[in-house]
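Colleague: What follows is a single structure, and I will ask about it in a moment.
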Amino acid sequence: MRKPTVEDYGRRLMRVVNTIWQDPTASYSIEQLAGIAHFSPFHFHRIYREMMGETVNATQLRMRLMYASRQLAQTNETPLIRIAQRAGYQSSAAFVRSFAAAHGMPPGAYRRQRLSHIHSQINQELGMYNVEFRKLDTPIHLAASRHHGSYLKIGEAFARLQLSKTALPVDPQQVRWFAQYHDDPQSVAEADLRSDACVEIKADGVLPDELARTQIPAGRYGVIEHRGPYSELQQAYHWLFGVWLPQSGEQPANVPVIEQYLNLPHNTPPKDLRTEIWVALAA
């Protein structure tokens, strides 16, 4: 495929991704999504799968379940059937089956577990996570796709990065995915949040115009690993910055928070996702 064609296909598919992210609860037919991308409905699903690494149906399902898991973790008052309907499911039975397959438990049990977890956070012990001290002797060079807005929608930027990956100077034997988060979501308005979806590249590689060059600086880092849905990462941040760091004797360096994704959501159930959180430490 010629480079201009790759870029054109990528722009057209991004219109589909943006549409799904803007309202993950909406139901779109293949014909509607193909029309947004200006592809034939006969070929759209194949092009999307090959370039995005998952089917468009899988993208829609993943976004709906992410939306539902946030709703379940935040309130005990909204009936499950209402959450199922808001997430685009026509029946509670279909919602329960999909949710249990992804999270390893039905939504009612998930809600009880998450709310109990939140209520007991104030009593969490120091050993909730194991902190690994990691030293980088040289920086990690990254290609970055900029994102503004809710951190939970950074998947849009990763989709842009995925579409550009074939043109990037990456090591095909070891593709490493990161994100940099520049603002505290508890202190900055959601619309003003800044983040970067990143993939590791060779230091001297040439990047497409739509991507920026950044790096993870050399230095010391405190690293923890969170296992579970991205919607639950906030509990790890609460522990890292509210429990461990104040008692550690360490000072944070002037570097954004970094996440490294040890596996990916298009081929991993949410309950099995592994995410490292890196906080840079002063020398």
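All residue numbers for the sequence shown refer to UniProt numbering, where the first residue is 1 and numbers rise by one.
We treat Cβ as the ideally placed atom computed from N, Cα and C, and that holds for glycine.
Owing to the predicted nature of the structure, the values given are computational and were not obtained by experimental measurement.
(1) Roughly how many angstroms lie between the CA atoms of Gln121 and Ala93, to the nearest whole one?
(2) Below 8 Å between beta carbons: does that hold for Leu193 and Ser231?
(3) With distances taken from CA atoms, which of Gly219, Ala100, Gln85 is nearest Lys135?
(4) To the nearest whole angstrom, what separates the beta carbons of Thr140 and Glu200, a pair I think is in contact under 8 Å?
(5) Using only the alpha-carbon positions, how far apart do Val10 and Gln85 sit?
(6) Considering only their Cβ atoms, is the gap separating Leu65 from Pro270 smaller than 8 Å?
(7) Tell me the DSSP bridge mates of Val223?
(8) Using beta-carbon positions only, say whether Ala253 and Ala282 come within less than 8 Å of one another.
(9) Should Gln60 and Ile20 be called a contact, given that it needs their Cβ atoms to be closer than 8 Å?
(10) Closer than 7 Å by C-beta to Asn18: which residues in its own chain qualify, once you throw out the five before and the five after it? Chain order, please.
(11) For Ala203, I'd like the list of residues in its chain whose CB is within less than 6 Å of its CB, leaving aside the five on either flank, ordered along the chain.
(12) Under three-state DSSP, which class holds Ser91?
(13) Would you mind stating whether Ile154 and Ala189 have Cβ atoms separated by less than 8 Å?
(14) Tell whether a beta-carbon distance below 8 Å holds between Ser145 and Ala87.
(15) Which whole runs of the alpha helix (DSSP H) in the stretch 13-84 are 4 residues long or more, in chain order?
(16) What are the uninterrupted segments assigned as alpha helix (DSSP H) that are 4 or more residues long and contained completely in the stretch 191-247, given in chain order?
(17) Going by beta carbon distance, what residues of the same chain come within less than 7 Å of Tyr67, once the five residues before and after it are set aside?
(18) Check the C-beta distance from Trp278 over to Ile258 and give it rounded, since I have them as a contact under 8 Å.
(19) From Val255, Gly228, Ser248, pick the residue whose C-alpha is nearest to that of Asn263; which is it?
(20) Per DSSP, Phe178 forms a beta bridge with which residues?
(21) When DSSP builds the beta bridges, which residues end up paired with Leu142?
(22) Buried or exposed: Pro265, going by 16 or more other Cβ atoms within 10 Å of its Cβ?
(23) State the DSSP-derived secondary structure class of Pro265, mapped to helix, strand or coil.
(24) Enumerate in chain order the residues of its own chain whose CB-to-CB distance from Ser164 is below 8 Å, with the five nearest sequence positions on each side excluded.
(25) When you compare only the Cα positions, how much space is there between Arg97 and Ile224?
Modeller: The short version:
(1) Sequence index remark: in the sequence shown, residue 121 carries index 121 (1-based). Sequence index remark: in the sequence shown, residue 93 carries index 93 (1-based). Residue placement at Gln121 cannot be trusted, given a pLDDT of 49 that sits under 50; what the coordinates show is reported in the next sentence. Using only the alpha carbons, I get a separation of about 32 Å.
(2) The residue given as residue 193 occupies position 193 in the sequence shown. The residue given as residue 231 occupies position 231 in the sequence shown. Not in contact: Leu193 and Ser231 (Cβ atoms no closer than 8 Å).
(3) On the sequence shown, residue 135 is found 135 positions in, with the first residue counted as 1. The option with the nearest alpha carbon to Lys135 is Gly219.
(4) Looking up residue 140 in the sequence shown gives position 140. Looking up residue 200 in the sequence shown gives position 200. Rather than Thr, the amino acid found at residue 140 in this sequence is Ile. Sure, about 6 Å apart at Cβ, within 8 Å.
(5) Here residue 10 refers to the residue found at position 10 when the sequence shown is read from its first residue. Here residue 85 refers to the residue found at position 85 when the sequence shown is read from its first residue. The sequence given here has Gly at residue 10, not Val. Distance between the alpha carbons of Gly10 and Gln85: 31 Å.
(6) On the sequence shown, position 270 is the one that residue 270 refers to. On the sequence shown, position 65 is the one that residue 65 refers to. Yes, the Cβ-Cβ distance between Pro270 and Leu65 is below 8 Å.
(7) Reading the sequence shown from its first residue, position 223 is the one you call residue 223. Beta-bridge pairing by DSSP links Val223 to Glu132, Trp278.
(8) Looking up residue 253 in the sequence shown gives position 253. Looking up residue 282 in the sequence shown gives position 282. Yes, the Cβ-Cβ distance between Ala253 and Ala282 is below 8 Å.
(9) Mapped onto the sequence shown, residue 60 falls at position 60. Mapped onto the sequence shown, residue 20 falls at position 20. Yes; because the gap between Cβ atoms is below 8 Å, this pair is in contact.
(10) As a working mapping, residue 18 is identified with position 18 in the sequence shown. These residues qualify, in order along the chain: Glu156.
(11) Counted from its first residue, the sequence shown places residue 203 at position 203. Same-chain partners within the cutoff: His141.
(12) Sequence index remark: in the sequence shown, residue 91 carries index 91 (1-based). In the structure shown, Ser91 sits in coil (DSSP, three-state: anything other than H, G, I, E or B).
(13) Reading the sequence shown from its first residue, position 154 is the one you call residue 154. Reading the sequence shown from its first residue, position 189 is the one you call residue 189. Not in contact: Ile154 and Ala189 (Cβ atoms no closer than 8 Å).
(14) For the purposes of this step, residue 145 is taken as residue 145 along the sequence shown, with counting starting at 1. For the purposes of this step, residue 87 is taken as residue 87 along the sequence shown, with counting starting at 1. Ser145 is not a Cβ neighbour of Ala87, given a cutoff of 8 Å.
(15) 30-37, 44-52, 56-74
(16) 233-239
(17) Sequence index remark: in the sequence shown, residue 67 carries index 67 (1-based). Shown here for Tyr67: same chain residues with a beta carbon closer than 7 Å to its own, the five before and five after excluded, namely Pro24, Thr25, Ala87 in chain order.
(18) Taking the sequence shown and counting its residues from 1, the one referred to as residue 278 is at position 278. Taking the sequence shown and counting its residues from 1, the one referred to as residue 258 is at position 258. That belief holds up - the Cβ atoms of Trp278 and Ile258 are roughly 4 Å apart, short of 8 Å.
(19) To locate residue 263, count along the sequence shown from 1; it is residue 263. Ranking the options by Cα distance to Asn263, first place goes to Gly228.
(20) Position 178 of the sequence shown holds residue 178. Paired residues: Cys198, Gln260.
(21) Numbered from its first residue, the sequence shown carries residue 142 at position 142. Leu142 is bridged to Glu200, Thr214.
(22) Here residue 265 is taken as the residue at index 265 of the sequence shown, counted from 1. Under a 10 Å Cβ-count criterion, Pro265 is classified as buried, with 16 or more other Cβ atoms of the shown protein chains found around its own Cβ.
(23) The sequence position of residue 265 within the sequence shown is 265, counting from 1. DSSP places Pro265 in coil when its eight states are reduced to three.
(24) Against the sequence shown, residue 164 aligns to sequence position 164. Closer than 8 Å at the Cβ level, and outside the excluded window around Ser164, lie Gly10, Ala143, Ser145, Pro208, Glu210, Leu211.
(25) On the sequence shown, position 97 is the one that residue 97 refers to. On the sequence shown, position 224 is the one that residue 224 refers to. Distance between the alpha carbons of Arg97 and Ile224: 32 Å.
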